Amino acid sequence: MLYSTVTPATKRQLLRERLASGELLRFPGAFNPLSAKLIQDKGFEGVYISGAVLSADLGLPDIGLTTLSEVAHRAGQIARMTDLPAIVDADTGFGEPMNVARTVQELEDAGVAGLHIEDQVNPKRCGHLDGKAVVDADTAVKRIRAAATARRDPNLLIMARTDIRAVDGLQAAVDRAKELVDAGADAIFPEAMKDLTEFEVIRKAVDVPVLANMTEFGKSELFTTEQLAGVGINIVIYPVSLLRLAMGAAERGLDTLLADGTLKPVVGDMQTRARLYELLDYESYNTFDSGVFNFTLETNKD
Ligand SMILES: C[C@](O)(C(=O)O)[C@H](CC(=O)O)C(=O)O
Ligand SMILES: [Mg+2]
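Note that the sequence shown ends on residue 309 in the numbering used here; no numbers are left out.
What follows is the structure in structure tokens.
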């Protein structure tokens with residue numbers, strides 16, 4: 008009922024413990040608070056909050072147009088809805104290292120368990136597109152140092168993402184990852200790795216958890232959880248996948264409506280009213296008022 012009763016501090020501690028266990032943690036991207044509930048219900052270990060999804064949700068491309076307030080607000084809405092730890096995409100940190108510090112405190116207040124800051128220049132772009140540019144090592148290090156210093160809960164996971172692989176090659180990614188760990192990063196997100204071996208190289212270069220981004224239509228092949236666990240990856244994200252699935256289904260539904268004048272042929276693809284109400288925990292609201300859930304869904308199948 009209502010929001011999660013697990014406090015952000017507990018979720019952060021849980022994330023730390025799970026990372027220490029060495030198991031691969033799966034974080035599908037929630038495109039809204041409801042989908043975060045679904046991710047939890049299905050038994051995943053965490054919820055990812057994607058910048059690409061957040062901007063797409065607003066009808067905008069992922070080029071750093073969203074503001075810290077928008078991201079913190081949405082991250083808070085999603086994070087509070089689940090008992091799972093949430094990791095949010097903080098892009099380049101919304102400005103100078105000083106701004107990064109504020110970003111960290113705002114996102115910490117939003118209740119996330121972790122966040123990542125990347126080393127792209129502004130305006131940033133999707134890490135799987137060509138033509139990226141990254142900041143120099145000094146600036147990248149300052150961002151991470153500012154982030155690590157600003158957090159008040161030592162368990163808030165500060166992850167450094169480096170986009171340098173696509174710009175200067177794998178060795179540069181190894182060097183950058185090491186520098187970022189020295190600057191205080193608790194985990195590394197090596198963006199746009201070409202193959203499994205590249206993930207393995209990064210994994211061996213640092214002794215903090217490493218994240219793999221299994222975004223579709225990108226530069227990385229879609230490896231299985233078994234393959235990723237095999238090379239020692241600790242967290243895998245599917246950042247935009249649920250949005251893509253939902254939008255794919257929505258588009259097919261609209262096409263059906265246009266063609267057939269009814270949605271009847273696709274009702275079988277829809278989440279039922281009963282399942283939605285189950286996810287919303289509708290019945291439990293009778294605790295407040297026994298008149299809230301006093302109907303049956305038997306006659307209302309559609
Ligand atoms: C992980 C990512 O930063 C995101 O915002 O979800 C994106 C995902 C994508 O655009 O496919 C990324 O830059 O990889
Ligand atoms: Mg992003």
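Each residue gets a CB set at the ideal place from its N, CA and C atoms; glycine is no exception. Predicted, not measured: the structure shown is a model, and the values here were computed from it.
Should residue i go down as buried or exposed, given a rule of 16 or more other Cβ atoms within 10 Å for buried?
i: Ser57; result: buried
i: Thr222; result: buried
i: Arg259; result: exposed
i: Glu113; result: buried
i: Met166; result: buried
i: Pro272; result: exposed
i: Ser42; result: buried
i: Ser248; result: buried
i: Thr12; result: exposed
i: Arg282; result: exposed
i: Thr14; result: exposed
i: Met88; result: buried
i: Arg210; result: buried
i: Gly83; result: buried
i: Thr99; result: buried
i: Ser76; result: exposed
i: Ala153; result: buried
i: Ser297; result: exposed
i: Ala147; result: buried
i: Asn301; result: exposed
i: Tyr55; result: buried
i: Asn241; result: buried
i: Leu22; result: buried
i: Phe196; result: buried
i: Thr294; result: exposed
Which stretch, first to last residue, makes up the alpha helix (DSSP H) that contains residue i?
i: Lys23; result: Going by the sequence as given, residue 23 is Arg instead of Lys. Arg23 -> alpha helix (DSSP H) spans Pro15 to Ala27.
i: Ile46; result: Pro40 to Asp48
i: Leu304; result: Premise fails: Leu304 is in no alpha helix (DSSP H) and is neither H nor E.
i: Leu65; result: Looking at the DSSP string, Leu65 is not in any alpha helix (DSSP H), and its letter there is neither H nor E.
i: Ala179; result: Leu177 to Asp189
Report the three-state DSSP secondary structure of residue i (helix, strand or coil).
i: Phe206; result: helix
i: Tyr10; result: coil
i: Val141; result: strand
i: Gln278; result: coil
i: Gly121; result: strand
i: Leu163; result: coil
i: Ala212; result: helix
i: Glu223; result: coil
i: Ala192; result: coil
i: Thr99; result: coil
i: Leu2; result: Summary: the structure shown does not reach residue 2, with the chain confined to residues 8 through 309, and so no result is reported for it.
i: Glu290; result: helix
i: Ile151; result: helix
i: Val174; result: helix
i: Val299; result: coil
i: Glu30; result: coil
i: Leu72; result: coil
i: Leu283; result: helix
Let me check one thing: in DSSP terms, what residues is residue i bridge-paired to?
i: Glu228; result: In DSSP, Glu228 forms no bridge with anything.
i: Pro197; result: Thr169
i: Gln127; result: Val141
i: Tyr245; result: Pro35
i: Glu90; result: Per the sequence shown, the amino acid found at residue 90 is Asp instead of Glu. Bridge partners of Asp90: none, in fact.
i: Tyr55; result: Gly36 and Ile94
Quick one: give me the first and last residue of the beta strand (DSSP E) that residue i is part of.
i: Pro104; result: It is not in any beta strand (DSSP E) - Pro104 instead sits in the alpha helix (DSSP H) that spans Pro104 to Asp116.
i: Glu258; result: That residue, Glu258, is in no beta strand (DSSP E); its alpha helix (DSSP H) goes Ser248 to Asp267.
i: Leu75; result: Where Leu75 is concerned, there is no enclosing beta strand (DSSP E), although the alpha helix (DSSP H) it sits in stretches over Leu75 to Ala86.
i: Leu136; result: Counting along the chain, Leu136 falls outside any beta strand (DSSP E), and DSSP gives it neither H nor E.
i: Leu218; result: Leu218 to Asn220
Does residue i have its Cβ less than 9 Å from a Cβ in chain B?
i: Glu125; result: The chain inventory of the structure shown lacks chain B, comprising one protein chain alone.
Is it the case that the region 28-39 contacts the region 175-193, given that we only count it when at least three CB pairs across the two stretches are under 8 Å? With contact defined as three or more Cβ pairs closer than 8 Å, the region 175-193 and the region 28-39 are not in contact.
Take every Cβ of the region 58-72, pair it with every Cβ of the region 275-288, and state whether three or more of those distances are shorter than 8 Å. By the Cβ test, the region 58-72 is not in contact with the region 275-288, since fewer than three Cβ pairs between them sit closer than 8 Å.
Pairing CB atoms from the region 113-131 with CB atoms from the region 150-164, are three or more of them under 8 Å? The answer is yes - the region 150-164 touches the region 113-131, with three or more Cβ pairs under 8 Å.
Report yes or no: do three or more beta-carbon pairs, one from the region 224-232 and one from the region 199-216, lie closer than 8 Å? They touch, by the three-pair rule.
Any 3 or more C-beta pairs closer than 8 Å across the region 255-269 and the region 230-244: Here the region 255-269 makes no contact with the region 230-244; the two share fewer than three CB pairs at distances below 8 Å.
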